[in-house]
Amino acid sequence: MTGMRFVRVNRRAFLSSVAACAFAGATFVPLAARAQQLAGDDQAEWRQSYETSDRVSIGRESTPTLSPATVEATERAIEQYQSLVARGGWNVVPGGADLKIGSKSKAVQALRQRLIASSDLDSVAGMGPVFDSFVDAAVKRFQVRHGLDATGEINDATLAELNVSADARLQQLQTNLVRLRAYSGDLGDRFVMVNIPAAAVETVEGGVVHSHHNAGVGRIDRQSPIMQTKATEINFNPFWTVPPSLIKKDLIPKMQADASYLTDEKIRVFNKEGQEVSPSSINWNSDEATHYKYRQDQGADLNSLGFVRINIPNPYGVYMHDTPSKGIFGDDFRFVSSGCVRVQDVRDYVAWLLEDNPGWGRDQIDDVIRSGDRVDVKLTKPVNVYWVYITAWATPDGIVQFRPDVYQRDGAGPGPLASDVPAQPLALPQD
Numbered sequence: 181m182t183g184m185r186f187v188r189v190n191r192r193a194f195l196s197s198v199a200a201c202a203f204a205g206a207t208f209v210p211l212a213a214r215a216q217q218l219a220g221d222d223q224a225e226w227r228q229s230y231e232t233s234d235r236v237s238i239g240r241e242s243t244p245t246l247s248p249a250t251v252e253a254t255e256r257a258i259e260q261y262q263s264l265v266a267r268g269g270w271n272v273v274p275g276g277a278d279l280k281i282g283s284k285s286k287a288v289q290a291l292r293q294r295l296i297a298s299s300d301l302d303s304v305a306g307m308g309p310v311f312d313s314f315v316d317a318a319v320k321r322f323q324v325r326h327g328l329d330a331t332g333e334i335n336d337a338t339l340a341e342l343n344v345s346a347d348a349r350l351q352q353l354q355t356n357l358v359r360l361r362a363y364s365g366d367l368g369d370r371f372v373m374v375n376i377p378a379a380a381v382e383t384v385e386g387g388v389v390h391s392h393h394n395a396g397v398g399r400i401d402r403q404s405p406i407m408q409t410k411a412t413e414i415n416f417n418p419f420w421t422v423p424p425s426l427i428k429k430d431l432i433p434k435m436q437a438d439a440s441y442l443t444d445e446k447i448r449v450f451n452k453e454g455q456e457v458s459p460s461s462i463n464w465n466s467d468e469a470t471h472y473k474y475r476q477d478q479g480a481d482l483n484s485l486g487f488v489r490i491n492i493p494n495p496y497g498v499y500m501h502d503t504p505s506k507g508i509f510g511d512d513f514r515f516v517s518s519g520c521v522r523v524q525d526v527r528d529y530v531a532w533l534l535e536d537n538p539g540w541g542r543d544q545i546d547d548v549i550r551s552g553d554r555v556d557v558k559l560t561k562p563v564n565v566y567w568v569y570i571t572a573w574a575t576p577d578g579i580v581q582f583r584p585d586v587y588q589r590d591g592a593g594p595g596p597l598a599s600d601v602p603a604q605p606l607a608l609p610q611d
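Numbering follows the working numbering, with no gaps: position 296 of the sequence shown is 476.
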């Protein structure tokens, strides 16, 4: 929902600035693993063949994040972390060292110890000082579990995640278990989940994840709301109308700095009678600009909404949409919008939403987008949509996932904020 060329917050900078206040302590690593319990030992482990890097790959999960199975897996993970914390947690990995494949130092030994503690590295790999392929694979596994690009190198963001304490991770799991339980009931046979901290979208059908999509969500100062709603309508080739809140926050300052901004961005100005007016006729140093409507021309190469907008009625004025800025979907830190959610592979997502609309398969969707014509389609069967805030969860195969508490909602203790937990039973808006 942006389109205003905002400065993007770097995840590395964010982690550095909030690590101290987000959690008490600073050592970090989860017990994530394809886990089987070892007899006589309550720390999970995952088996490695040590033959290819695929040994640490974490595939797309078919179990919905919002499901009883995830609740049960998270409960087991909490028990594992309680045991780990009771044993003293894990060590800190020192900064400043060159930690990548081929390097050799005592810091590598500390890294090995840390990865073994979280079951990302099997103890049979040993405690040698060389950053070998075993460590490289374990680091990649760790990075995937924390929503980071799997480079195998210990960059600032990875180091910050490594050095969050086991106790802090336990508290994070406990906080999120309450949230997960609140969503473990009947959410509908077909539903969409947007996990804001993960900047990710799941479509779920018949209790199984149908598709995964990376997403761009609200910036820290313009947060995406936690809510329950329904997808009701698809707008193809939409105009983008600048929301009133952004006129003051973004558009006026942009015009004060650059008088050609609206023209360059193909944003037209209309008065209350619907007549187009020239930007140069407006006094941008007063509140006069707030009395006009601003609409960006169609076209995915310039329109902030790209080719598609998905309407989800709600009191916050937000929605889901395409974006011309596809590069954001490859970033670790995708908190870039003014509250709306940008969806990767939006055509596949829309095709799934329109599954019950006759005549709206993928070919028809491609055709209408290609035409450039504005077309609005109401869903024959509205689909339940849940925007949630889940920063820690486990899957039935023993993988424990963590994401940054970007909106600072986890708090210092195990209890979640009341606003994070929906009333029971879930009350979805009527069609």
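For each residue, glycine too, the CB sits at the ideal point set by N, CA and C.
So, for residue i: in the same chain, excluding its five sequence neighbours on each side, which residues have a beta-carbon less than 6 Å away from its beta-carbon?
i      : result
Val388 : Ser242
Thr421 : Arg475
Ala253 : Ala574, Thr575, Pro576
Met500 : Ile490, Val521, Val523
Asp300 : Ala318, Arg321, Phe322
Arg399 : Phe515
Gly591 : none
Gly396 : Ile508, Arg514, Val516, Ser517, Arg522
Val374 : Val381, Val521, Trp567
Val288 : Pro309, Phe311
Ala379 : Ala395, Val397, Arg514
If you follow the alpha helix (DSSP H) that residue i is part of, which residue opens it and which one closes it?
i      : result
Glu255 : 248–266
Trp532 : 526–533
Phe487 : Neither: Phe487 is in no alpha helix (DSSP H) and is coded neither H nor E.
Ala395 : Premise fails: Ala395 lies in the beta strand (DSSP E), 388–398, not in any alpha helix (DSSP H).
Asn356 : 346–362
Val324 : 313–325
Val288 : 286–297
Leu442 : 441–444
Ala469 : First-last for Ala469: undefined, no H or E at that position.
Lys434 : 432–437
Kindly indicate which residue of the options has the alpha-carbon position closest to the one of residue i.
i      : options                        : result
Leu534 : Thr254, His326, Asp366, Pro562 : Pro562
Ile490 : Gln323, Ala253, Leu559         : Leu559
Ala318 : Ser285, Asp302, Pro584         : Asp302
Phe322 : Arg527, Ser460, Asn375, Ala297 : Ala297
Arg527 : Ser283, Ile432, Ser391         : Ser391
Leu153 : Leu367, Thr571, Tyr587, Ala469 : Given a span of 181 to 611 for the chain in the structure shown, any question on residue 153 remains unanswerable.
Phe371 : Ile334, Thr409, Asp401, Gly396 : Thr409
Val530 : Asp547, Val488, Val548         : Val488
Asn465 : Gly327, Lys434, Asn451         : Lys434
Pro248 : Leu367, Arg550, Gly486         : Leu367
Lys473 : Leu442, Asn463, Lys452         : Lys452
Arg359 : Ala330, Gln436, Ile427, Glu255 : Glu255
Ala290 : Arg402, Gly282, Val310         : Val310
Arg402 : Lys429, Asp444, Asp547, Ile334 : Lys429
Asp369 : Ala379, Ala378, Gly386         : Gly386
Ile427 : His471, Val315, Ala439, Val304 : His471
Glu333 : Arg349, Ser313, Gln351         : Ser313
Arg583 : Arg349, Arg542, Asp525, Asn494 : Arg349
Tyr587 : Ile376, Gly282, Ser460         : Ile376
His393 : Asp502, Gly282, Ser440, Val548 : Asp502
Counting only the same chain and skipping the five closest in sequence on each side, list residues whose C-beta sits under 8 Å from that of residue i.
i      : result
Tyr496 : Pro405, Met407, Gly519
Ser458 : Val449
Gly539 : none
Asp614 : There is no way to answer for residue 614, as the model of the chain reaches only from 181 to 611.
Gln610 : For Gln610, the predicted model reports a pLDDT of 29, less than 50, meaning its position is unreliable and no value from the coordinates is stated.
Asn463 : Ala469
Ile545 : Phe416, Arg527, Val530, Ala531, Leu534
Which residues in the same chain have their Cβ closer than 7 Å to the Cβ of residue i, if we skip the five residues on either side of it in sequence?
i      : result
Ala257 : Leu211, Leu353, Ala574, Val580
Asp222 : Low local confidence applies: a pLDDT of 29 at Asp222 is under 50, so the model's placement there is unreliable, with the coordinate-based value given in what follows. Within the same chain, Asp222 has close Cβ partners Gln260, Ser263.
Leu339 : Val273, Gly275
Gln293 : Asn271, Met307
Looking at the secondary structure, which residues open and close the beta strand (DSSP E) in which residue i lies?
i      : result
Val523 : 521–523
Met407 : 407–416
Lys558 : 555–568
Thr338 : Segment 336–342 is the alpha helix (DSSP H) holding Thr338; no beta strand (DSSP E) there.
Gln476 : 473–476
Arg550 : Taken as a continuous stretch (DSSP letters only), Arg550 belongs to no beta strand (DSSP E), being part of the alpha helix (DSSP H) at 542–551.
Val374 : 370–375
Ala379 : Careful: Ala379 lies outside any beta strand (DSSP E) and carries neither H nor E.
Pull up the DSSP beta-bridge partners for residue i, would you.
i      : result
Ala124 : Because the chain in this structure spans residues 181 to 611, residue 124 falls outside the shown range and cannot be described.
Met307 : Answer is none; Met307 lacks a bridge partner.
Val457 : Val449
Ser517 : Gly398
Trp420 : Gln476
Glu385 : Arg370, Val388
Is residue i near the ligand PLP, judged by its Cβ being under 6 Å from some heavy atom?
i      : result
Ala253 : What this structure holds is no ligand at all, so the ligand PLP is not there to describe.
Answer yes or no: does any C-beta atom of chain B fall closer than 7 Å to that of residue i?
i      : result
Asn463 : Although the question refers to chain B, the structure presented lacks it and comprises just one protein chain.
Under 8 Å: do the stretch 550–558 and the stretch 410–424 share three or more Cβ pairs, one atom per stretch? yes
Is it true that the stretch 340–351 meets the stretch 265–272, where meeting means three or more beta-carbon pairs spaced less than 8 Å apart? In this structure the stretch 340–351 touches the stretch 265–272; the number of beta carbon pairs closer than 8 Å is three or more.
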